[in-house]
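Scroll down for the structure; my scribbles are underneath it.
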């Protein structure tokens, strides 16, 4: 069963995707950039040596981690799609066409 792409869904999708690729699990780091009475959390997640950081801050640590999960999952899957399309283009350009 596939996780929904809701707020909690991206964290699950990211973990499942990384596991499917047989990579180490994502590592989250969250910092409070606000004060004790008005916390503002920003998260970074590292996946396979690449770090992704949320551009926004949030009042809750959990929401900051969910947001950065969305950013990382979207970036990783978009990169994979781009690489696949480039590979297909290379194969297509390699195949002889017509009587040339």
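In this note's numbering, the protein residues as written are 397 to 496. Cβ coordinates follow ideal geometry from the N, Cα and C atoms, glycine included. Predicted model, so just to flag it, every value in this text is computed and none were measured.
- Using a C-beta cut-off of 8 Å, the segment 458-465 makes no contact with the segment 476-487, since fewer than three inter-stretch Cβ pairs fall below that distance.
- Within the DSSP secondary-structure output, residue 450 pairs in no beta bridge.
- Rounded to the nearest angstrom, the gap between the Cα atoms of residue 422 and residue 412 is 10 Å.
- Under the three-state reduction of DSSP output, residue 438 falls in the strand class.
- Assignment of residue 455 by DSSP, reduced to helix, strand and coil, places it in the coil class.
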